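Colleague:
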RNA sequence: GGCGACGUAGCCAAGUGGUUAAGGCAGAGGUCUGCAAAACCUCCAUCGCGGGUUCGAAUCCCGCCGUCGCCUCCA
């Protein structure tokens with residue numbers, strides 16, 4: 121009944137209670153758009169899509185903001201390499217990412233701001249930080265004075281003293297008062313760098329300030345949920361907190377939620393390691409539900425192990441879920457079997473909610489849905505149909521829908537062949553009637569080789585694409 | 001070096017103090033079937049190792065081993 125979420129800030133599960141009853145303000149860090157998105161991005165986006173869907177299922181109105189970082193060193197570098205203007209390049213990858221969100225059945229965030237459209241707000245915020253003594257300007261750059269923020273490190277639980285070698289931004293080391301200070305505004309160095317006028321001269325925002333500015337612009341000083349991959353905890357989210365809370369004198373977010381990383385052959389998948397599977401790669405071979413099932417199969421905070429074997433397992437799991445949607449074979453609407461089915465649907469829904477209420481335990485929730493699959497199959501075998509059967513399937517569809525599964529049977533992409541397959545199936549049925557088993561089996565085997573699976577039921581033969 | 005997470009059956013993975021340790025995949029046997037397929041039934045783990053706390057621990061504490069993440073851009 122009560123939703124509890126794990127808060128990175130406090131390192132424990134807390135009862136979820138939004139600031140404004142009935143409304144959830146959620147900000148999730150989006151991608152820097154300079155190359156094809158990979159399944160790690162997909163995981164993050166799907167995790168927060170599921171969280172959003174479940175919050176909506178519970179009756180909340182969710183305002184979901186996800187940013188696009190379209191001003192960044194990597195974009196500038198890539199643009200220099202390829203000769204494509206930085207904004208065109210970024211815009212192209214944004215469009216592509218949006219299409220991939222659709223392909224992955226991710227609900228589009230309510231607002232998707234870009235850095236390039238948030239410059240005024242960023243400049244205003246940087247100025248406020250300077251005015252309050254939390255930032256200082258050097259040669260057209262502005263840095264955040266980390267030492268001025270006494271609770272710096274509270275999210276990642278780092279102390280500056282512990283940072284023996286790392287924990288510092290390497291940009292403009294020689295200009296900073298302190299190596300831990302980080303850039304809020306970077307002065308333009310080359311004429312081909314995107315730059316905007318500011319009180320400190322032409323330049324562009326640092327990485328962290330964009331999110332602080334966007335949160336405030338679209339959701340206000342304090343939000344309910346701030347999300348992202350756990351690789352962003354430090355320094356990105358730590359710095360966001362430092363900027364926003366120093367500037368607004370208010371907590372940035374009530375709950376900090378972080379998803380685990382996709383692991384590929386034992387290590388984190390990332391652009392820098394070059395061990396990437398892009399979203400395009402995956403979707404070229406598999407249904408989007410397969411990837412979602414992979415994400416649902418383990419807890420969102422844990423690393424997601426990715427290899428051929430787990431993909432194959434998810435593929436099979438999807439087939440099993442799809443099996444629950446097949447039509448009934450009987451029309452029994454009363455009796456112990458029908459009662460048992462309705463009871464199973466009730467139980468599944470109850471347990472599903474209990475699991476999801478426990479910090480979005482999708483793996484457990486999915487387990488309860490598999491129990492419902494079995495109950496539906498059993499009822500079908502027992503001849504249950506009509507209203508109770510439809511009701512159980514409707515519950516199943518509703519709950520899988522909350523998880524964002526589409527459960528569409530494999531589309532008949534080769535629809536031109538369908539009449540011919542029907543014909544072959546018909547001929548085979550005649551052969552079976554005539555007990556011409558060898559020929560009938562030949563037809564079945566050859567169709568199987570072509571990707572068509574036959575099933576002989578008591579009501580005749582059905583076929584489907586494999 | 002600092003901070004943190006994890007280690008449950010052949011594989012993936014829930015469970016974090018107390019009935020028979022969810023679920024999926026794979027495997028074995030069975031029902032159904034002309035034979036299959038699908039479905040259903042049955043079987044298949046004492047929880048990394050060693051101590052400790054407790055009436056009782058996979059679940060808490062300590063140590064060890066192992067894997068991974070962050071500390072530089074990263075979902």
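In this note's numbering, the protein residues as written are 121 to 586. Glycine is no exception: its CB is placed at the ideal position from the N, C-alpha and C atoms. Predicted, not measured: the structure shown is a model, and the values here were computed from it.
(1) Note down, in chain order, each residue of its chain lying with its Cβ closer than 8 Å to the Cβ of residue 590, except the 5 sequence neighbours on either side.
(2) So residue 233 and residue 197 are in contact, right, with Cβ under 8 Å, and what is the actual spacing, rounded?
(3) Among residues of its own chain, excluding the 5 on either side of residue 142, which ones have a beta-carbon nearer than 8 Å to its beta-carbon?
(4) Using three-state DSSP, classify residue 154 as helix, strand or coil.
(5) What residue ranges within the region 461-507 form continuous alpha helix (DSSP H) runs of no fewer than 4 residues, ordered along the chain?
(6) What is the residue span of the beta strand (DSSP E) that residue 325 lies within?
(7) Looking only at DSSP bridge pairs, what is residue 238 linked to?
(8) Which value, in whole angstroms, describes the spacing of the CA atoms of residue 152 and residue 411?
(9) Smallest Cα separation from residue 367: which of 248, 146, 126, 300?
(10) Which one or two residues does DSSP pair with residue 576 in a beta bridge?
(11) Which class does residue 433 belong to by DSSP, given the choice of helix, strand or coil?
(12) In its own chain, which residues sit with a C-beta less than 6 Å from the C-beta of residue 231, not counting the 5 before and 5 after it?
(13) Specify the secondary structure class of residue 567 as computed by DSSP and reduced to three states.
(14) Less than 8 Å between the beta carbons of residue 349 and residue 395, yes or no?
(15) Our contact map puts residue 511 next to residue 462 with C-beta atoms below 8 Å; I'd like the distance itself, whole angstroms only.
(16) Within the chosen definition, does the region 289-299 reach the region 213-225 through at least 3 CB pairs nearer than 8 Å?
(17) Can you check whether the CB of residue 156 is closer than 8 Å to the CB of residue 226?
(18) Since residue 264 is in the beta strand (DSSP E), which residue starts that stretch and which ends it?
(19) Determine contact between the region 412-422 and the region 465-478, defined as no fewer than three beta-carbon pairs at a distance below 8 Å.
Modeller: Based on what the coordinates show:
(1) Coverage of the chain is limited to positions 121 through 586, which leaves residue 590 absent and any answer about it impossible.
(2) With 8 Å as the limit, residue 233 and residue 197 do not qualify as a contact, their Cβ atoms being about 23 Å apart.
(3) 179, 180, 181
(4) coil
(5) 482-501
(6) 323-325
(7) Partner(s): none; residue 238 has no beta bridge.
(8) 22 Å
(9) 248
(10) 581
(11) helix
(12) 185, 338
(13) helix
(14) no
(15) 7 Å
(16) no
(17) no
(18) 261-264
(19) no
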